[in-house]
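Novice:
Number of protein chains: 2
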Amino acid sequence: MKLSDRAIDIQASPIRKLMPFADAAKKKGIHIYHLNIGQPDIKTPQEMLNVYKNYHDKVLCYGPSQGLDVYRTNLVKYYKKHGIEIQKEDIIVTTAGSEAIIFAMLVTCNEGDEMIIPEPFYTNYNGFASMTGVKIMPLTTFAEDGFKLPSNEKIESLISSRTKAIMLCNPGNPTGTVYPEDDLNRISKIARQHDLFVISDEVYREFVYDGLSHTSILDIEGMEDRAIMVDSISKRYSACGARIGCFISRNKEIIASTMKFAQARLCPPTIDQLAANAAIDIEAEYFVDILKEYDKRRNIVFKQLKNIDDVVCVMPNGAFYVIAKLPIKDAEDFAKWMLEEYSFENETVMFAPAQGFYATPELGKSEVRIAYVLNENDLLKAMKIFRKGLEEYKELM
Amino acid sequence: MKLSDRAIDIQASPIRKLMPFADAAKKKGIHIYHLNIGQPDIKTPQEMLNVYKNYHDKVLCYGPSQGLDVYRTNLVKYYKKHGIEIQKEDIIVTTAGSEAIIFAMLVTCNEGDEMIIPEPFYTNYNGFASMTGVKIMPLTTFAEDGFKLPSNEKIESLISSRTKAIMLCNPGNPTGTVYPEDDLNRISKIARQHDLFVISDEVYREFVYDGLSHTSILDIEGMEDRAIMVDSISKRYSACGARIGCFISRNKEIIASTMKFAQARLCPPTIDQLAANAAIDIEAEYFVDILKEYDKRRNIVFKQLKNIDDVVCVMPNGAFYVIAKLPIKDAEDFAKWMLEEYSFENETVMFAPAQGFYATPELGKSEVRIAYVLNENDLLKAMKIFRKGLEEYKELM
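Protein chains in written order, with the numbering used here: chain A, 325 to 721; chain B, 325 to 721.
Printed below as a string of structure tokens:
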């Protein structure tokens with residue numbers, strides 16, 4: 325009795341696989357600051373929560389496979405506010421961004437086809453690639469220059485007859501990198517020259533700092549038929565548990581085929597979609613305040629990291645993560661050690677070893693991803709413990 | 325720009341693909357009785373709906389990838405009531421039964437591996453097979469004998485070096501067939517002899533009539549390590565929109581590998597899981613009444629079908645579907661015609677053409693699946709319209 329190769333080969337989530345060590349630490353009475361997962365502490369908008377409270381239907385029914393009509397109609401308005409012109413028919417509501425990424429991989433690639441993705445990338449792309457048989461061709465970017473998009477030559481050197489798409493995460497998880505419009509135009513030109521699709525994961529659209537603005541792949545010239553945009557409400561409205569995302573393309577063939585995948589799984593959760601719908605009318609003020617809060621956190625984490633000797637880290641412009649290269653050999657060992665062996669005043673810190681965010685073997689072994697999703701005070705305490713732990717760990721090695 | 329083969333080849337859902345015709349009919353003011361989809365009209369238990377009303381957390385967080393601990397703990401009790409002894413660690417909560425089936429296909433089969441499934445089967449298995457690259461080897465069963473499980477010889481004739489699993493739906497959608505324990509023992513023996521997994525989709529466990537009892541694959545000897553059971557609350561609690569299911573196996577390797585698929589997509593919806601959890605303590609009375617109601621509906625539909633000349637149909641013992649073989653050539657054409665051309669007193673009926681429930685080409689072309697999910701009065705009216713429509717359609721052909 326042998327399981328499938330994909331079941332054996334798929335990586336364990338670097339964000340979640342250390343959870344048993346965290347649970348053991350908690351059982352010992354140790355408090356853990358969770359910087360390992362992008363679970364914000366920001367309150368979910370009351371407008372959303374009220375939808376659950378006020379749900380009055382007697383039968384909790386299936387919705388349409390493409391998502392509730394009222395929600396898709398409202399999403400068009402949401403994107404319009406962000407300068408993205410789409411129609412309701414371009415949208416398929418998904419069970420979180422995860423499902424939208426799986427659909428994007430399924431619709432563009434056969435098993436064994438290749439997708440170019442700048443690394444480090446959102447680690448679960450590896451898992452989705454294992455599930456769909458897509459081969460990720462990593463386009464390595466570097467902590468030292470803030471994970472900038474490499475030259476056209478570098479990108480084109482990865483293109484083969486099996487390359488079907490380039491996938492971007494913009495703003496980037498785990499890098500925090502925000503691609504300037506010029507970079508997206510470069511990608512667009514390469515995609516057209518080599519007949520590729522471009523998949524853009526834009527779930528951190530709202531989280532852009534330093535007065536920069538975010539450009540969607542859907543706003544880039546020449547991308548009319550080639551672009552698939554993946555989105556999610558998890559981070560935007562601090563509603564990770566609602567599991568609502570969407571898949572957007574202006575290419576009618578892509579939508580028609582993806583609808584068949586969507587029909588097979590029937591529909592995304594119904595009440596959660598209604599909640600997501602209620603969030604769309606939230607005042608822009610909500611985001612102004614949240615952005616201020618995250619900006620403050622970003623500055624705290626970055627400053628604390630800079631205070632530690634030999635840490636390499638460039639200030640990220642977006643999302644709520646930062647990758648730090650540490651002066652150690654094995655960040656996963658360090659992360660485990662922090663949970664199993666270390667505590668300061670009965671507290672410790674959990675973060676994600678970054679190797680799982682790379683596809684190239686051995687890369688990222690000394691890097692960690694820190695999610696700055698805690699309030700100012702907690703972050704300050706967590707970063708202090710992180711620094712102390714790192715110093716002690718270095719001495720032990 | 326070419327989409328993937330799987331995107332082009334995947335079938336459109338026969339349950340949902342006629343929806344545009346239904347929408348057009350509705351726009352013309354025609355009322356449609358929906359017998360096409362397993363969306364029960366039974367009220368979702370108030371205990372579940374209260375959970376949405378009373379949700380008090382300020383942040384709608386991710387849950388664990390394996391599902392909420394409280395829910396998995398309670399599920400163990402639920403299965404115990406049904407004579408199925410499992411532990412919390414054997415359960416991964418999924419986003420509906422759909423995701424559990426996808427996981428079962430991914431964990432047992434590589435692309436191109438084969439799975440034997442009695443046909444007609446739940447049509448979306450075809451879609452999930454396209455998504456995962458699994459080749460379905462259909463084991464044809466027949467309306468004339470109530471879709472009985474074929475002989476061991478027939479089953480074994482389908483086994484090749486690439487066969488990895490046998491999948492059953494018990495009670496069956498769309499057949500309503502309930503497999504007696506002897507049949508499951510036969511499957512178990514074949515699975516052991518040929519080193520196969522057995523996947524059992526048991527989402528209609530509660531819907532068994534005529535004093536028969538349902539046997540789970542997990543209760544069959546020799547199935548300790550080989551069985552994967554797929555479940556869902558959609559039908560049990562009339563909560564299709566909650567999208568909560570589960571994947572169960574006592575094989576620790578299967579659970580460990582499936583957890584990696586589960587981690588990639590992070591978690592199933594949080595509040596919906598809490599609602600599912602609240603349903604577990606529902607009195608057995610709830611099901612007694614519902615079963616009575618469905619039994620009544622089953623009898624109505626069956627009697628009405630028997631009243632139509634030349635319809636082949638055996639009384640089903642379970643679920644809430646019946647397959648009827650009609651004296652026409654093309655049931656999909658008939659289904660479309662009922663929506664586009666026909667109405668009686670401004671009403672018509674929608675049902676699912678059954679061809680999409682088969683994998684063997686041309687099979688099921690004259691069959692339809694009727695879901696008896698409406699109340700007695702509506703069902704009587706719907707079946708009257710069905711009979712009248714069929715008579716008129718036959719004359720036109």
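The beta carbon of each residue, even a glycine, is placed where N, CA and C say it ideally should be.
Hey, how far is the Cα of E706(A) from the Cα of N434(B)?
Specialist: It is Ala, not Glu, that sits at residue 706(A) in the sequence shown. Using only the alpha carbons, I get a separation of about 43 Å.
Novice: What is the DSSP secondary structure of P442(B), reduced to helix, strand or coil?
Specialist: strand
Novice: Under the three-state reduction of DSSP, which class applies to E691(A): helix, strand or coil?
Specialist: Strand at E691(A).
Novice: Using a Cβ-Cβ cut-off of less than 7 Å, give me the residues of the region 456-474 of chain A that come near chain B, in sequence order.
Specialist: Using a CB distance below 7 Å, the part of the region 456-474 of chain A facing chain B consists of G457, ordered along the chain.
Novice: Please list the segments of the alpha helix (DSSP H) lying wholly inside the region 452-526 of chain A, counting only runs of 4 or more residues, in order along the chain.
Specialist: 476-480, 505-518
Novice: With DSSP run on the structure shown, which of helix, strand or coil describes E664(B)?
Specialist: helix
Novice: Of all the options A467(B), V522(B), S475(B), N360(B), which has the alpha carbon lying nearest to the alpha carbon of M439(B)?
Specialist: V522(B)
Novice: Less than 8 Å between CB atoms is the rule here; does E669(A) satisfy it with respect to chain B?
Specialist: no
Novice: Decide yes or no for the touch test of the region 678-697 of chain B against the region 647-660 of chain B: beta carbon pairs closer than 8 Å, at least 3 of them.
Specialist: yes
Novice: From A599(B) to G565(B), what does the alpha carbon distance come to, in whole angstroms?
Specialist: 11 Å
Novice: Quick check: what's the CA-CA separation for L359(B) versus K382(A)?
Specialist: 19 Å
Novice: Note down the Cα distance separating M343(B) from A655(B), rounded to an integer number of angstroms.
Specialist: 16 Å
Novice: Rounded to the nearest angstrom, what separates Y395(B) and Y561(B) at their Cα positions?
Specialist: 15 Å
Novice: Indicate whether at least one CB of chain A lies closer than 8 Å to the CB of A331(B).
Specialist: yes
Novice: What residues from chain B crowd round R340(A), counting only those whose CB sits closer than 7 Å?
Specialist: S389, Q587
Novice: Quick check on DSSP: helix, strand or coil for M721(B)?
Specialist: Reduced to three states, the DSSP call for M721(B) is coil.
Novice: If you draw a straight line from the C-alpha of R622(B) to the C-alpha of F445(B), how long is it?
Specialist: 19 Å
Novice: Whole angstroms are fine: how far does the CA of I552(B) sit from the CA of T672(B)?
Specialist: Between T672(B) and I552(B), the alpha-carbon positions lie close to 40 Å from each other.
Novice: If we ignore side chains and look at the alpha-carbon of each, how far apart do L492(A) and L663(B) end up?
Specialist: 44 Å
Novice: Are the C-beta atoms of N448(B) and some chain A residue less than 8 Å apart?
Specialist: yes
Novice: Whose Cβ in chain B lies nearer than 7 Å to the Cβ of L430(A)?
Specialist: S328, R330, A331, M455
Novice: Name, please, each residue of chain B whose Cβ falls closer than 8 Å to the Cβ of I334(A).
Specialist: S581, K584, F585, A588
Novice: Taking the Cβ atom as the reference point for each residue, do G470(B) and Y645(B) lie within a distance shorter than 8 Å?
Specialist: Their beta carbons are not under 8 Å apart, which means G470(B) does not touch Y645(B) by this criterion.
Novice: Measuring CB to CB, does I579(B) end up less than 8 Å from I408(B)?
Specialist: no
Novice: So for K649(A), helix, strand or coil by DSSP?
Specialist: strand
Novice: If you compare alpha carbons, which of I410(A), M455(A), I441(A), E413(A) is closest to E423(A)?
Specialist: M455(A)
Novice: From this set, G457(B), K404(B), T447(B), which residue's C-alpha is nearest F427(B)'s C-alpha?
Specialist: G457(B)
Novice: Give me, in chain order, the residues of the same chain whose beta-carbon lies closer than 6 Å to that of S512(A); leave out the 5 immediate sequence neighbours on both sides.
Specialist: I544, G546, M547
Novice: What residues from chain A crowd round V417(B), counting only those whose CB sits closer than 7 Å?
Specialist: The premise fails here: V417(B) is roughly 12 Å from chain A at the closest Cβ pair, so nothing lies under 7 Å.
Novice: What three-state label does DSSP hand F531(B) in the structure shown?
Specialist: coil
Novice: Give me the subset of the region 560-576 of chain A whose CB atoms are less than 9 Å from a CB atom of chain B, sorted by chain position.
Specialist: Y561, S562, A563, C564, G565, A566, R567, I568, N575
Novice: I'd like to check one pair, M674(A) with A336(A): are the Cβ atoms closer than 8 Å?
Specialist: no
Novice: Beta-carbon within less than 6 Å of R574(B)'s beta-carbon, same chain only, minus the 5 sequence neighbours each way: which residues are those?
Specialist: D414, E548
Novice: In three-state DSSP terms, what is P677(B)?
Specialist: strand
Novice: Can you give the beta carbon distance from I624(B) to Y376(A), rounded, assuming they're within the 8 Å contact cut?
Specialist: Incorrect: roughly 37 Å between the Cβ atoms, too far for contact.
Novice: If I measure Cβ to Cβ from Y299(A) and keep anything under 6 Å in the same chain, skipping five residues before and after, which residues do I get?
Specialist: With chain A covering only 325 through 721, there is no way to say anything about residue 299(A).
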